[in-house]
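First up is the structure itself, then whatever we jot down about it.
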Amino acid sequence: MLTTTLQPGLAIGSEVDFRVLPGDPLAPAPFRQAGSSVRGLVDASAEVAAISYRTVLLSDIHLGSPDCNVQRIVDVLTRLRCEHLVLIGDIIDFWKLSKGGSWHADHLRVLSLILDKLRAHRTRVTYLRGNHDDLMRHLEGLQLDGLHIAETLKLEMAGRRYLVLHGDVFDHTVRTGWLPGRVADSAYNALLAVNRLYNWQRRRRGLEGFSIAGAIKRRVGGAVRYVERFEGHMASLAKTNGCDGVICGHIHCPADKLIDGVHYLNSGDWVESMTGVCLSWDDALSICDWSRQRVG
Ligand SMILES: [Mn+2]
């Protein structure tokens, strides 16, 4: 089991191992070079009807938070068909709910849609806990029909072996010189509240929403270094666990890059980016961006 003292170099446990094998092993998709943002990102907005992938990995939906873009995730889950859905933590924001939060019918609808996938579509669903839904840790190891609850997962996709986990395990290390966990969370929440007001004004002027936190993570020194440290730790964790790649969430910063020979993928979130990692039926792994699709 993971603890807060885990360091890169230690193997991790409590994993569910899945092997995703295409009918014909195709050459793996070429990696993109390291960059500060998601390049070559698939614009999923063009897909107006069914969204069909072999495997879809989503994280940081934050149900129960006023900052969750719940209509967008409802829209995507309604149209999504896949063999395997991996939820990489912070799906339900119990931190927010413990302070009241914001829970309405659409938040429950997200959970219903996920259960529908299990029941009606025979989708395999793997739920990996995050820090905001750490309560799921108590259900770790549960396997019920197609539902698996675990801490980490190893997936073979596109000819490579990926370690999949939320990514909060190094918070105590990564945040050194930046902000401690709960303080950072409060500062982030305050920023999101300002962002909500700012976007409300932008939309009144007919402009698209803008993520202030996203801009800070891309441009402000301390935040940029935090993101880089996080990504480096995740890449070394993948290596020490015998994997060629890592897929995580947590920092709300979608990315697809190569770090020290490790393929680093971050699925992003449903607060700022509206993205996920998707494996197509012809075995291509990419980040899908649903931020610009029309909803409702
Ligand atoms: Mn998190």
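Just so we're aligned, residue 30 is where the sequence shown starts under the numbering used here, counting upward by one. Just so it is clear, CB atoms sit at the ideal spot from N, CA and C, and this is done for glycine as well. Just so you know, these numbers come straight off a predicted model, no measurement behind them.
Beta-bridge partners of residue i, as assigned by DSSP
i       : result
Ser-81  : Arg-110
Leu-221 : Leu-221 is not bridged to any residue.
Val-105 : Partner(s): none; Val-105 has no beta bridge.
Val-115 : Leu-86, Thr-155
Leu-92  : Ile-121
Residue i, buried or exposed, once every other Cβ within 10 Å from all chains shown has been counted against 16
i       : result
Gly-297 : buried
Phe-239 : exposed
Glu-237 : exposed
Trp-229 : exposed
Arg-158 : buried
Lys-128 : exposed
Gly-251 : exposed
Leu-173 : exposed
Gly-118 : buried
Residue i and residue j closer than 8 Å at C-beta
i       : j       : result
Trp-310 : Arg-101 : no
Ile-121 : Leu-92  : yes
Val-306 : Val-291 : no
Glu-112 : Thr-152 : yes
Which listed residue (the options) has its alpha carbon closest to that of residue i
i       : options                            : result
Ala-179 : Gly-188, Phe-123, Met-186, Asp-163 : Asp-163
Ile-241 : Ile-276, Cys-277, Glu-301, Leu-266 : Glu-301
Asp-89  : Arg-110, Phe-123, Arg-108          : Phe-123
Pro-95  : Leu-220, Asp-273, Tyr-191, Cys-272 : Leu-220
Gly-271 : Phe-199, Leu-184, Val-103          : Leu-184
Leu-294 : Ala-264, Arg-321, Lys-268          : Ala-264
Leu-144 : Asn-218, Leu-109, Leu-182          : Leu-109
Ala-78  : Leu-87, Cys-97, Thr-84, Val-105    : Val-105
key: alpha helix (DSSP H) runs contained entirely in the stretch 117 to 201, provided each spans 4 or more residues   = 123 to 127, 134 to 148
inquiry  = Suppose only complete runs of 3+ residues qualify. What are the beta strand (DSSP E) ranges in the stretch 238 to 316, listed by chain order?
reply    = 274 to 277, 284 to 288, 291 to 295, 304 to 308
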